[in-house]
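FYI, the numbering for the sequence shown is -24 to -1, 1 to 136, going by mature numbering (1 follows the signal peptide of the UniProt record, and there is no 0).
Don't be surprised by glycine CBs; every beta carbon is placed ideally from N, CA and C.
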Amino acid sequence: MDFTKTISFSLLFLSLLTPTTITASCTNAVCRHGDPIIRFPFRLKPHQLKSCGYDKGFDLACGSNGVNRTTITLPFSGDFTVEMIDYAAQEIWINDPHNCLPKRILTLNLSATPFAGVYARRFTFFNCLTSEYLRFRPLNPITCLSDKTTRCLRLLRLEW
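Listed below in structure tokens is the structure:
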């Protein structure tokens, strides 16, 4: 099974932000069938009023940058597709719109967002020549980080 298609990344949204008044005109929204329902504290730009969500970091969009999905833009990290929002657990599950989440996680910066990573696991990434990869055959390469001459492998890092 391809690692890039099975990994998902979850962010915990923090509820310690300035409260916002929800008006009666704030109805649920959705970008397309199968996408998550958007409601407070998120808002779907430009379909919902600014007062329907928190001021910073909770704006979602439909199809930004050629992606026909619900997306969120994280400062310093770019656009991600929104796979699921669990309002009770206060989690938003995101993915890379180009199906290479491991590459995006290598440079993920949440410092300018109201989010914190959860379900963190430590991985070690290895680049090796394709010919050397045959010695590690049981390991699946991360295809989106590999090319014709090298294979990128990942190992779960165990703490001793």
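Item: What does a CB cutoff of less than 6 Å around F34 pick up in its chain, not counting 5 residues either side in sequence?; Value: P17, F18
Item: Indicate, with yes or no, if the ligand MN has a heavy atom lying under 7 Å from the CB of R98.; Value: As far as ligands go, the structure on display features none, and thus does not contain the ligand MN.
Item: Roughly how many whole angstroms lie between the Cα atoms of residue 145 and I13?; Value: Absent from the structure is residue 145, since the part of the chain shown begins at -24 and ends at 136.
Item: Counting pairs of beta carbons, one from the stretch 119 to 131 and one from the stretch 76 to 84, are three or more of them closer than 8 Å?; Value: yes
Item: Give the C-beta separation of W59 and N44 to the nearest angstrom, bearing in mind that I take them to be a contact with Cβ-Cβ under 8 Å.; Value: Reading the sequence as shown, one finds Glu at residue 59 and not Trp. Wrong, their Cβ atoms sit about 14 Å apart, outside the cutoff.
Item: Quick one: grab the DSSP three-state call for I13.; Value: coil
Item: Check P117 in the structure and name its three-state DSSP category.; Value: strand
Item: Mind checking which residues open and close the alpha helix (DSSP H) that includes L77?; Value: 77 to 82
Item: What three-state label does DSSP hand S(-10) in the structure shown?; Value: Caution is warranted here: a pLDDT of 46 is assigned to S(-10), below 50, making its placement in the model unreliable, and no coordinate value can be reported.
Item: Within 10 Å of its beta-carbon, does A5 have 16 or more other beta-carbons around it, so buried, or fewer, so exposed?; Value: buried
Item: Considering only C-alpha positions, which residue in the set E67, A65, A37, Q66 is nearest to G54?; Value: A37
Item: Nearest to Q66 by alpha carbon, out of L84, T47, P90, H9?; Value: P90
Item: How many angstroms separate the CA atom of F99 from the CA atom of D11?; Value: 29 Å
Item: Taking the straight line between their C-alpha atoms, what separation do you get for F102 and L129?; Value: 5 Å
Item: On the DSSP bridge list, what partners appear for N71?; Value: T57
Item: Classify C38 as helix, strand or coil using the three-state DSSP reduction.; Value: strand
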